[in-house]
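Using the working numbering, you'd call the opening residue of the sequence shown number 34 and step up by one each time.
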Amino acid sequence: GLDQLVSIVAERSQTPGNSLYLVADSEGRRVAGNLSAVSPELWNSLGPVEFVYRRPATGGVETRLAFANVFRLPSGYRLIVGRDIEDRRELARSVRSAML
Numbered sequence: 034g035l036d037q038l039v040s041i042v043a044e045r046s047q048t049p050g051n052s053l054y055l056v057a058d059s060e061g062r063r064v065a066g067n068l069s070a071v072s073p074e075l076w077n078s079l080g081p082v083e084f085v086y087r088r089p090a091t092g093g094v095e096t097r098l099a100f101a102n103v104f105r106l107p108s109g110y111r112l113i114v115g116r117d118i119e120d121r122r123e124l125a126r127s128v129r130s131a132m133l
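Shown next as structure tokens:
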């Protein structure tokens, strides 16, 4: 059920890496996960979506690109499971620049 999902998301979101998770209630309040907030556009999406999110960084906050799947759960809850793809985008940019 929902309690078990929240427990799994809380556990997985503690693992370092590029994985992103969010379980939020019907009001958009975070219940578990390592995404602190999402845009209204992402909140209202379903299925696969590319989006920008913010995370703490040395000296402030940085904006990063991510890809995720958004799922609607019972009682209006949402589950977002994704991956930060900013490093991949930067690598692709570097390769394109080197080839020009």
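No residue lacks a Cβ here, since even glycine has one placed at the ideal position from N, Cα and C.
What would DSSP say about residue i, mapped onto helix, strand or coil?
i: phenylalanine 57; result: Before going further, note that residue 57 is alanine rather than phenylalanine in the sequence given. If DSSP states are grouped into helix, strand and coil, alanine 57 belongs with the strands.
i: leucine 112; result: strand
i: serine 46; result: coil
i: leucine 98; result: strand
Per DSSP, residue i forms a beta bridge with which residues?
i: arginine 121; result: According to DSSP, which records beta bridges pairwise, arginine 121 is partnered with nothing at all.
i: glycine 93; result: Ala90
i: arginine 105; result: Arg111
Measuring alpha carbon to alpha carbon, tell me which of the options ends up nearest residue i.
i: valine 42; options: Pro49, Gly50, Tyr54; result: Tyr54
i: threonine 48; options: Tyr110, Gly66, Val94, Arg111; result: Gly66
i: glutamate 119; options: Leu133, Gly34, Leu106, Glu95; result: Glu95
i: serine 59; options: Tyr110, Arg122, Ala131, Ser127; result: Tyr110
Just checking my contact of residue i with residue j at CB under 8 Å: how many whole Å lie between their CB atoms?
i: arginine 116; j: phenylalanine 100; result: 6 Å
i: leucine 68; j: isoleucine 113; result: 6 Å
* Pick out the complete alpha helix (DSSP H) segments inside the segment 59-85, 4 residues or longer, and give them in chain order. => 73-76
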